[in-house]
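Protein chains in written order, with my numbering: chain A, 3 to 257; chain B, 10 to 163.
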C-alpha cells in the first residue's frame with residue numbers, strides 16, 4: 003500500500019475519532035442547586051455557572067514527538083525526531099516553535115544506491131483550539147512554516163556506461179541543500195494526568211521551495227519527509243504543561 | 010483513546026514504500042537528416058559506429074529521417090563514424106560531439122542517469138555539409154538535438 007494511501011487512511015481514521023467521547027473522561031463542572039423553603043412551598047432553582055474564561059496567558063508547554071523516536075527505534079528508513087515549545091493564550095491560541103533532527107538512510111530496493119542525511123529542521127506556527135469547553139481536551143487546527151538547511155550523500159557504486167563499457171562510480175558527499183515548506187495541521191489532545199497530555203495530529207505538507215537539487219531532488223528532506231511537491235505526515239506528542247496554571251487550569255480560569 | 014493512539018502509531022511506522030521511477034528513462038540525443046534546408050529520408054543505408062567501443066549505434070538504417078543515439082557517460086567527446094552506402098558508392102564521415110556529463114538521480118530505487126549538454130559538434134565533409142545544434146540539452150526529452158545537413162541530393 004503506498005505511503006500516501008496509508009496517510010489517507012490514517013486521516014480518515016482520525017476524522018472518525020473526532021466524535022470520540024473523550025470529553026466524558028474529564029470531570030465536568032456541576033451547576034449550583036438552590037433550595038428555598040417558604041410556608042408550604044419548596045422552590046428549587048438551578049443556577050448555571052458563569053461561562054468559563056481562560057486567562058490571557060494560560061500557560062506554556064513543551065512536548066516531544068514519540069512517533070519519530072519510535073520510527074528511529076524500529077529502524078524505519080527515515081525519522082523526524084522533534085520537540086516543541088508553545089504558549090497558551092486564552093486556551094485558544096497556541097503559538098509554537100518546533101525543532102527536530104531528521105535522519106534518513108535509504109538503500110535502493112534493487113540496486114546499491116544509497117541516500118543518507120542527518121540534519122536539523124525548524125518550524126514555527128500556531129494552533130487554534132476549537133473546543134470551547136475547558137475540559138482538558140483540545141481539537142486543534144493550525145499552520146506551520148518549516149525550514150531545513152542540510153547536507154546529503156548519494157552514491158551509486160555500480161554506475162556503469164554499458165555502451166562504452168566504462169565504470170563510473172558516482173558519489174556525492176555533503177551536498178548542500180535547503181528546503182522550505184508549509185503545513186496544515188489538524189490534531190487532538192487530551193489530558194492524561196497532572197501536567198501530562200497526549201495527542202496526535204495529521205499534517206499536509208506543501209513544499210514552497212528547494213535548492214541544491216542540481217543532480218536531482220534529495221529523496222528525503224529533514225522535517226518534511228519524503229521529498230515531493232506535497233506529502234503527508236503526523237506526530238504523536240507527549241506534552242508537559244509548565245507554568246502557574248499547569249496543574250489546574252479550571253481553578254486559574256475562575257479567578 | 011489510548012488504544013486508538015497505539016493503533017495510529019503502528020499504522021504510521023508500518024507504512025509501505027512506493028517506487029515511482031520515470032517510465033521513459035532513456036537518455037539519448039536525436040539527429041535529424043536535412044538536405045536543401047528540409048527534412049529528408051535517407052534512401053541509402055546508414056551505419057554509425059563509435060570510436061572506442063565495438064558497439065554499432067545504428068545498424069544499416071534505411072529510409073530514416075532521424076535517429077537517436079546514446080552518449081558516452083564519462084568521455085568529454087564522442088567520435089562517431091558515419092558510413093553511408095548506396096548503389097556503387099561507400100562514403101565515410103566522422104562526427105565529433107563535445108558535451109558535458111551531468112549525473113542525475115531521482116530516487117535510490119531508480120537507476121542513475123547521465124544528462125548532457127552539447128557544447129560543439131565537428132565533422133568531416135564527404136557527404137555532410139554542415140551540422141546545427143538545435144537543442145543542446147540531452148535528457149529524457151525526446152526532441153531533435155542535432156540537424157545533419159547533407160550536400161544537395163542529386
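Heads up, the beta-carbon is just placed ideally off N, CA and C, and yes, glycines get one too. As the structure is a computational prediction, the values presented were derived from the model and not from experiment.
ask   = If you run the structure through DSSP and keep just helix, strand and coil, what is residue 74 (chain A)?
value = helix
ask   = Does residue 195 (chain A) have its Cβ less than 9 Å from a Cβ in chain B?
value = no
task = Say whether chain B places a C-beta atom closer than 9 Å to the C-beta of residue 117 (chain A).
result = yes
request  = Please determine, among B:116, B:30, B:73, B:122, the residue with the shortest C-alpha to C-alpha distance to residue 79 (chain B).
outcome  = B:122
ask   = Any residues in the segment 95 to 113 of chain B with a beta carbon nearer than 9 Å to a beta carbon of chain A? Which ones, in chain order?
value = 110, 111, 112, 113
key: Collapsed DSSP secondary structure at residue 69 (chain A) in the structure displayed   = helix
inquiry  = Tell me the DSSP secondary structure of residue 114 (chain B) in three-state form.
reply    = coil
task = May I ask you to report which of helix, strand or coil DSSP gives residue 122 (chain A)?
result = strand
message = Which residue marks the beginning of the beta strand (DSSP E) containing residue 138 (chain B), and which one marks its end?
response = 137 to 142
key: Below-9 Å beta-carbon distance, residue 218 (chain A) vs any chain B residue   = yes
key: Exposure of residue 131 (chain A), with buried meaning 16 or more beta-carbon neighbours within 10 Å   = buried
task = Taking only beta-carbon positions, decide if residue 150 (chain B) is within less than 9 Å of chain A.
result = no
ask   = Skipping 5 residues on each side, what residues in its chain have a beta carbon closer than 8 Å to that of residue 162 (chain A)?
value = 168, 169, 170
Boundaries of the beta strand (DSSP E) in which residue 83 (chain A) is found, first to last residue = 80 to 91
query = Taking 9 Å as the CB-CB limit, is residue 45 (chain B) close to chain A?
reply = no
task = Give every residue of the same chain whose Cβ lies closer than 7 Å to the Cβ of residue 231 (chain A), excluding the five residues on either side of it in the sequence, and list them in chain order.
result = 209
query = Which residues share a DSSP beta bridge with residue 164 (chain A)?
reply = Note: residue 164 (chain A) sits in no beta bridge, so no partner.
key: residue 175 (chain A) to residue 164 (chain A) span [Cα, whole Å]   = 25 Å
task = Spell out whether any CB of chain B is found under 9 Å from the CB atom of residue 82 (chain A).
result = no
message = Assuming residue 226 (chain A) is part of the beta strand (DSSP E), what are its boundary residues?
response = Taken as a continuous stretch (DSSP letters only), residue 226 (chain A) belongs to no beta strand (DSSP E), as it is neither H nor E.
task = Classify residue 218 (chain A) as helix, strand or coil using the three-state DSSP reduction.
result = coil
request  = Would you check whether the ligand COA has a heavy atom nearer than 8 Å to the C-beta of residue 52 (chain B)?
outcome  = Absence of the ligand COA from the depicted structure is noted, as is the absence of any ligand whatsoever, leaving it without description.
ask   = Using the beta-carbon of each residue, which ones in chain B are nearer than 7 Å to residue 110 (chain A)?
value = 117, 118
query = Shortest alpha-carbon distance to residue 180 (chain A) belongs to which of A:142, A:172, A:229, A:189?
reply = A:229
inquiry  = Using DSSP's beta-bridge definition, name the partner residues of residue 107 (chain A).
reply    = A:118
Contact list for the segment 47 to 66 of chain B against chain A, Cβ threshold 7 Å = 61, 62, 64
Minimum Cβ-Cβ distance from residue 212 (chain A) to chain B less than 9 Å = no
request  = Whole angstroms is fine: what's the gap from residue 12 (chain A)'s alpha carbon to residue 90 (chain A)'s?
outcome  = In this prediction, residue 12 (chain A) has a pLDDT of 49, which is less than 50 and means its spatial position is unreliable; what the coordinates show is noted afterwards. Those two C-alpha atoms are separated by around 28 Å.
task = Return helix, strand or coil for residue 191 (chain A), following the three-state DSSP convention.
result = strand
query = Is it buried or exposed for residue 5 (chain B), if we count other Cβ within 10 angstroms and need 16 for buried?
reply = Residue 5 (chain B) falls outside the range modelled here, since chain B spans only 10 to 163, and no answer is possible.
query = Going straight from the alpha carbon of residue 133 (chain A) to that of residue 144 (chain B), what length do you get?
reply = 60 Å
query = If you drop the 5 nearest sequence neighbours on each side, which residues of the same chain put their C-beta closer than 8 Å to that of residue 152 (chain B)?
reply = 39, 144
ask   = How about residue 188 (chain A) and residue 142 (chain A): do their beta carbons lie closer than 9 Å?
value = yes
ask   = How is the beta strand (DSSP E) around residue 232 (chain A) delimited, first residue to last?
value = 232 to 244
message = What does the Cβ neighbour count give for residue 1 (chain A), buried or exposed, with the cut at 16 atoms within 10 Å?
response = Nothing can be reported for residue 1 (chain A), as the shown portion of chain A is limited to 3 through 257.
Inter-residue spacing [alpha-carbon to alpha-carbon] between residue 192 (chain A) and residue 242 (chain A) = 11 Å
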